[in-house]
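Input: a single structure, listed below in structure tokens.
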Amino acid sequence: MSERTQQVSLQAQGLTKAFGEHYALIELDVAWYQGEVCALLGPNGAGKSTLLNLLSTLQAATEGEILLKGKKLTRQSAAELRKEIGFVGHQTMIYGALTAFENLEFFAELYDCWPAELSQKEHQAWLLDQLEQVGLKPAAHRLASGFSRGMSQRLTLARALLPKPSVLLLDEPFTGLDRAGIQQVCELLIKAKARGATIILSSHDLETTQAISDRALILKAGRLQGLHTLDVGQDKGALLELYQGSVN
Amino acid sequence: MNHKDLESQSNASTKIPILWIILGALGMFLAHYLVFIYAPMETTMRAAQRIFYFHLPSAWLCYIGFIMCAGWSLRYLMTQNPKHDALALASAEVGLTFGVIVLTTGPLWARAAWGVWWKWEPRLTTMAILFLIFTCYWVIRSFGGDNAGVRRFGAVLAVLGAPNIFFVHVAVTRWRGDHPNNIGLEPEMRVVLYSCLLIFIILFSLLVRLRYRVHTEERTVSALSRRLSRIGG
Amino acid sequence: MSAQFWPCFKAILKKDLKIELRSKETLATVSLFGVVLTFLFAFGFMGDPATNLAVAPGVLWAALLFTGSLSVGRTFAREQENSAFTALALSPAPRSAILAAKVLVNIAVMLGVMLVITPLLAILMHIDLSTNLFALMSLITLSTVGFALVATPLAVMAVGARFPEVLLPMVVFPLVTPVMICGVRGSAALLGTSADLDYLAWTQMILAFDMMIGGGAFFLFDWMVSE
Amino acid sequence: MNRHPLNIIKLLSLLFIVLGLCLGGLTVSVAQAQDGSESVKPEAKLEAKPEAKPEAKPEAKPEAKPAQVDIRPNPKRAANKNFDSEKEERLENLRYKHLWIAYSLVWIIIFVFIRQTWQRSQAVSSRLEELKSRLIALEEKDK
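Residue numbers (the working numbering), protein chains in the order written: chain A, 1 to 248; chain B, 1001 to 1233; chain C, 2001 to 2227; chain D, 3001 to 3143.
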């Protein structure tokens, strides 16, 4: 990543999370910058999901703190900072009994994120446009319970992107997507990145990850194993090498 | 949390309150003397009336234990300080113990006095419901595992349960409010009652402290073993 | 830049009602359960007219409690599908808005169920409710509100718990004892089987309970769901 | 004001709690006015004010029914009982039995509780000692 002068958007300081006597994450110190895509890599149980859960305010850290745009993420401030965070987890978090359109509409109302320049009547078109971007426009008025895993994943992504969050946390966003879907998601992510969003994603799809990531953060057993900058020109196996080198 | 923190934390709670134990033991002997020898025989209920010297202080302390539990739970909800939670749990447990005493001596007394084990009488009913609520609290805390969600759930239950009892009492009183309340205790009886109450208060605070000590130490142990597992890798 | 109460409240309410009206799943299953319960109670307690009159309030309120705990559990099971509640918890919506909307939805569902059960009970037990219909309705409504106010926050908290289906009734039933007593005594007074107090005093009592528990629940709710 | 909707909610909640308490107390006083001379009612009315504490108060007078007429030692009363001395004796035995059962139960309960607390605390302390020694050993090894 060349433009290191950019602002830090998200920061973890001594971040630790314990479940009972088991540590999922141990004293993690990392800073993430605006407009970067950071890949979270590591074997199963390395603490990737825990880290994302902590960053999303879903779980509270045992020790250490998180700074979002310089503000400490506490229980009090979380309410205000939540709007800045978009989260896509293992679960799709969508309502099966609503259509794709209604799902988005609900979250748009919840986040109150209608673009200011639009009138009430244009809201519908705007939502359809959002669905179009993830390739769901044809299925906009179908119940989400009938969606395939890939379609649900797209809808979830559309939901997370709706309020234009400055931090986007993605836990395995490519599961269930076909090649075209992955391509589409990548385009969306690059667009968000261009807007200045910080994107942190965990994935086992090393190839795709390398294609869009600026940095790779490698975790093992809750500890930081390495933080590598990826160059655009690197060949496809570079990330795999890094990964294997760090984990073994 | 570093080593020194752990040390000081555990030291603060490890001290066994010797003075209280001595006071409590002396108090027991005194209570026996007062209840069985000093107190005059009551005319209508005779010996069975002496149950009441244990029954009443236990009932009061049961209520106090539950109210303390609600208070500490509220503080825990606001501060998230695990010590407050340990205190809430300890007072609920001791309150429950006294509740068991109330609910066992009560029927025994009722049987001797009224010829029935149980009466749908406001105080009895209120006590029973309160006891149920806090038994739920205790069950949740014992079997729910030790995580923040369970603690918070218990705390909310305690906070909602304690004032709720006000309504139960008023409702039951209005429903079955045929209870004569005017009693006159003889001076000697009063002396016995209040000394018993004092002794039970000492016992109560002793038990709460001991229990609190156990809970904090258990937490220290889990924190320590967590630390060890972390150092050990 | 905290989100506002009303928009979020309306959004959640609209969503829940939409789902409910579309699938009618909760309403249908819980009403059916209520009907089954009413029939069973009627079999169990059926006697001469005087007995019927005496047991009817108890039956009605017992049915309210059972169907209530079922419907509260159901409305949250819906949120748990796909972990949708996580999304709600991660949104900037004020916690109190989530609670208020959920309480209202539960009240709506429970009232719908009571609308089915009450006439059925009247028919099965030969009781004439028409004379004091309004008073009885207000009593039932207030009891429902009380139940929802107690059960909903606890249900929200039990979402991630280990044994939610046992936990909820176990905890809620002792807590709603005042509602049970006041409702039963109040409706007994309405039906003329109880001489103790007039129903207005009991109604007022439930109202007091509702206000107090509701106040407590909303006061505490921020702290309840913090993770 | 609109910037902190939560605080308004909190204030409103408190208001509702107070209103509910007042209403609860009011109902009781209404009830009291309705049925007149119940000695329990005024007490309940008093309870409406302090929050959460009222339950302790009514316990103050637990003597209940047995003390119907007069509790003071009354020789006449004792004399009256002669006509049914056998029954009286059985009753007396019952009373003593109940007293002993109740008394022993009280101490058994307290004893069991203390014993359980003691056992737990022993277990915890031994574990604590073990962990501490392990920790110290580890720290020394690090140096």
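Ideal placement from N, C-alpha and C gives every residue a C-beta, glycine not left out.
Query: Check each residue of the segment 1208-1225 of chain B: if its Cβ is closer than 8 Å to any Cβ of chain A, include it; give the result in chain order.; Result: Ser1222 and Ser1225
Query: Taking the alpha carbon of alanine 1223 of chain B as the point to measure from, which residue in D:Glu3140, D:Leu3128 and D:Leu3138 has its own alpha carbon closest?; Result: D:Leu3128
Query: Given a threshold of 16 other Cβ atoms within 10 Å of its Cβ, counted over all protein chains shown, does aspartate 2048 of chain C qualify as buried or as exposed?; Result: exposed
Query: Only counting the same chain, and skipping five residues up and downstream in sequence, which positions put a Cβ closer than 8 Å to that of serine 1205 of chain B?; Result: Trp1020
Query: As a quick exercise: from A:Glu172, A:Arg154, A:Thr16 and A:Ile199, pick the residue whose alpha carbon is nearest that of asparagine 44 of chain A.; Result: A:Glu172
Query: With DSSP as the reference, identify every bridge partner of lysine 72 of chain A, one or two as the case may be.; Result: A:Leu67
Query: Are there three or more Cβ pairs, one per stretch, closer than 8 Å when the segment 2089-2108 of chain C is compared with the segment 2147-2154 of chain C?; Result: yes
Query: Leucine 98 of chain A and alanine 144 of chain A look like a contact to me (Cβ under 8 Å); what is the Cβ gap, rounded to whole Å?; Result: 6 Å
Query: Using 8 Å as the Cβ pair cut-off and three pairs as the minimum, do the segment 1074-1090 of chain B and the segment 1207-1217 of chain B touch?; Result: yes
Query: If I measure Cβ to Cβ from phenylalanine 1131 of chain B and keep anything under 7 Å in the same chain, skipping five residues before and after, which residues do I get?; Result: Gly1099 and Leu1103
Query: Are there 16 or more other CB atoms within 10 angstroms of the CB of glutamate 1093 of chain B, so buried, or fewer, so exposed?; Result: buried
Query: I want to verify the contact list: residues of chain C whose CB lies under 8 Å from the CB of threonine 175 of chain A, in sequence order.; Result: Residues of chain C passing the Cβ test: none, with the nearest at roughly 14 Å.
Query: One question on the structure: do alanine 322 of chain A and alanine 139 of chain A come within less than 8 Å of each other, judged by their Cβ atoms?; Result: With chain A represented from 1 up to 248, any question about residue 322 of chain A goes unanswered, as that position is not in the structure.
Query: Check the Cβ-Cβ distances between arginine 2228 of chain C and every residue of chain A, and say whether any is below 8 Å.; Result: The shown model of chain C, from 2001 to 2227, leaves out residue 2228 of chain C, and the question about it has no answer.
Query: Rank A:Ala31, A:Leu40 and A:Leu155 by C-alpha distance to the C-alpha of isoleucine 218 of chain A and give the top, closest one.; Result: A:Leu40
Query: Using the three-state DSSP reduction, which class does arginine 195 of chain A fall into: helix, strand or coil?; Result: coil
Query: Closest by CA to leucine 54 of chain A, which one among A:Gly196, A:Glu105 and A:Ile85?; Result: A:Ile85
Query: Give, in chain order, every residue of the segment 3096-3111 of chain D whose Cβ lies closer than 7 Å to some Cβ of chain C.; Result: none
Query: Let me see if you follow: with CB-CB separation under 8 Å, is tyrosine 111 of chain A close to chain C or not?; Result: yes
Query: Please identify, using Cβ separations under 8 Å, the residues of the segment 2147-2159 of chain C that lie next to chain B, in order along the chain.; Result: Val2150, Pro2153, Leu2154, Met2157 and Ala2158
Query: Using a 10 Å radius around the Cβ and a threshold of 16 neighbouring Cβ atoms, would you call alanine 1128 of chain B buried or exposed?; Result: buried
Query: Can you tell me whether DSSP reads aspartate 29 of chain A as helix, strand or coil?; Result: strand
Query: Using the three-state DSSP reduction, which class does glycine 35 of chain A fall into: helix, strand or coil?; Result: coil
Query: Does the distance from the C-beta atom of leucine 2064 of chain C to that of serine 2187 of chain C stay below 8 Å?; Result: no
Query: Given this structure, state the Cα-to-Cα distance separating serine 3039 of chain D from threonine 1125 of chain B, to the nearest angstrom.; Result: Only weak support exists for where serine 3039 of chain D lies, its pLDDT of 37 falling under 50; the value from the coordinates is given anyway. For serine 3039 of chain D and threonine 1125 of chain B, the distance between alpha carbons rounds to 18 Å.
Query: Where DSSP assigns a beta bridge to serine 202 of chain A, which residues make up the other side?; Result: A:Leu40 and A:Asp171
Query: Consult DSSP for glutamine 11 of chain A and reduce its assignment to one of helix, strand or coil.; Result: strand
Query: Taking Cβ positions, are phenylalanine 1066 of chain B and alanine 1162 of chain B nearer each other than 8 Å?; Result: yes
Query: Which residue marks the beginning of the beta strand (DSSP E) containing glycine 2146 of chain C, and which one marks its end?; Result: Counting along the chain, glycine 2146 of chain C falls outside any beta strand (DSSP E), though it belongs to the alpha helix (DSSP H) covering 2133-2158.
Query: Use the C-beta contact count for isoleucine 26 of chain A: other C-beta atoms within 10 angstroms, 16 or more gives buried, fewer gives exposed.; Result: buried
Query: What do you get for serine 49 of chain A, buried or exposed, if any count of 16 or more other CB atoms within 10 angstroms of its CB means buried?; Result: buried
Query: Report the residue from C:Phe2209, C:Val2179, C:Phe2041 and C:Ser2130 whose alpha carbon sits nearest the alpha carbon of leucine 2190 of chain C.; Result: C:Ser2130
Query: Suppose the cutoff is 6 Å on Cβ atoms and the five residues either side in sequence are ignored; what does the same chain contact list for leucine 2229 of chain C look like?; Result: Chain C is shown from 2001 up to 2227; residue 2229 of chain C falls before or after that span and cannot be answered.
Query: Apart from the five residues just before and just after glycine 2214 of chain C, which ones in its own chain have a Cβ nearer than 6 Å to its Cβ?; Result: Leu2149
Query: Please list the segments of the alpha helix (DSSP H) lying wholly inside the segment 2061-2095 of chain C, counting only runs of 4 or more residues, in order along the chain.; Result: 2084-2090
Query: Taking only beta-carbon positions, decide if threonine 2026 of chain C is within less than 8 Å of chain A.; Result: no
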